Structure formats: structure tokens, C-alpha cells
Amino acid sequence: MVTRLARAQAETVDFATSNVRGAGVALYVGGAKLLENYPVGPLAGVAFNVTLMSYLGSLDVGINIDEAAVESPTLLRDCLVDSFHELALIGQQSNETRPNSSDEPRSRRRWWFRSR
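The sequence shown begins at 263 in this note's numbering and counts up one residue at a time.
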């Protein structure tokens with residue numbers, strides 16, 4: 263019954279988004295350093311999905327567009343790319359005018375808890 267309800271709900275979703283805070287430290291799999299993320303959101307039944315995932319100071323963006331449900335998927339993608347470039351430019355300008363970060367208090371909040 264739960265599977266049937268999940269499938270029925272997925273058929274009605276036009277837009278889904280998710281952001282996942284990633285590691286602030288390097289991660290390794292089988293001794294190999296993880297270099298990049300490839301965020302992927304739900305595919306089935308979702309017309310448009312944007313998933314964000316951070317890792318080591320970068321922000322990776324995954325975009326899924328159902329071409330049958332979105333009238334101009336290429337235009338939508340191009341507008342998103344342009345907007346992210348604008349946002350990055352504004353962020354760079356903001357960092358140039360920000361006071362020395364060493365003067366600001368650092369957060370003690372951790373993204374990860376390891377029990378020993």
C-alpha cells in the first residue's frame with residue numbers, strides 16, 4: 263500500500279528540490295579521494311527537479327527536466343545557468359567588500375557527529 267501511495271503521489275509532482283549539506287572535509291572510498299558530487303533527485307513522475315549538494319567549499323547542482331512536461335526545457339536550463347552565474351558573481355563581489363574573515367567568530371556547529 264505504501265508503494266502504491268508513493269507512486270500515486272509521484273505522478274502529481276511538478277517541481278521537487280533538495281539541498282544536501284555535504285562534507286566539509288575530504289572523503290575517501292576504498293582509499294580514493296572523492297573529488298566531485300553528482301546530485302540526482304527523483305526522476306519518475308517529476309517534471310522538474312533541482313538538487314544541490316555541497317562538498318569541500320563547492321556547490322554541485324543536478325537538474326532533471328522532463329521534456330514531455332516542460333514546454334521549453336532548453337530555455338529553462340539556460341536561464342538557470344545564467345542565474346547561477348549571476349549569483350556567483352554577486353558572491354565574489356560580496357567577498358571582496360567583506361571584512362577580514364579572521365576577525366569574525368567561527369561557528370562551533372558541526373555537520374557530522376562521530377561517536378566513539
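Quick reminder that beta carbons are idealized off the backbone N, C-alpha and C, glycines included.
What you are looking at is a predicted structure, and each value in this text was computed from that prediction instead of being measured.
Quick one: Cα of residue 330 to Cα of residue 276, how far?
Against the sequence shown, residue 330 aligns to sequence position 68. Against the sequence shown, residue 276 aligns to sequence position 14. For residue 330 and residue 276, the distance between alpha carbons rounds to 12 Å.
Using only CA atoms, which one of 307, 328, 303 lies nearest to residue 314?
Sequence index remark: in the sequence shown, residue 314 carries index 52 (1-based). When each option's Cα is compared against that of residue 314, the closest is 303.
In whole angstroms, what is the alpha-carbon distance linking residue 343 and residue 288?
Reading the sequence shown from its first residue, position 81 is the one you call residue 343. Reading the sequence shown from its first residue, position 26 is the one you call residue 288. Distance between the alpha carbons of residue 343 and residue 288: 27 Å.
Going by the DSSP bridge assignment, what does residue 320 pair with across the sheet?
Here residue 320 corresponds to residue number 58 of the sequence shown, with the count starting at 1. DSSP lists 317 as the bridge partner or partners of residue 320.
Reduced DSSP secondary structure (H/G/I, E/B, other) of residue 302
Position 40 of the sequence shown, counting from 1, holds the residue named residue 302. The answer is coil: DSSP assigns residue 302 none of H, G, I, E or B.
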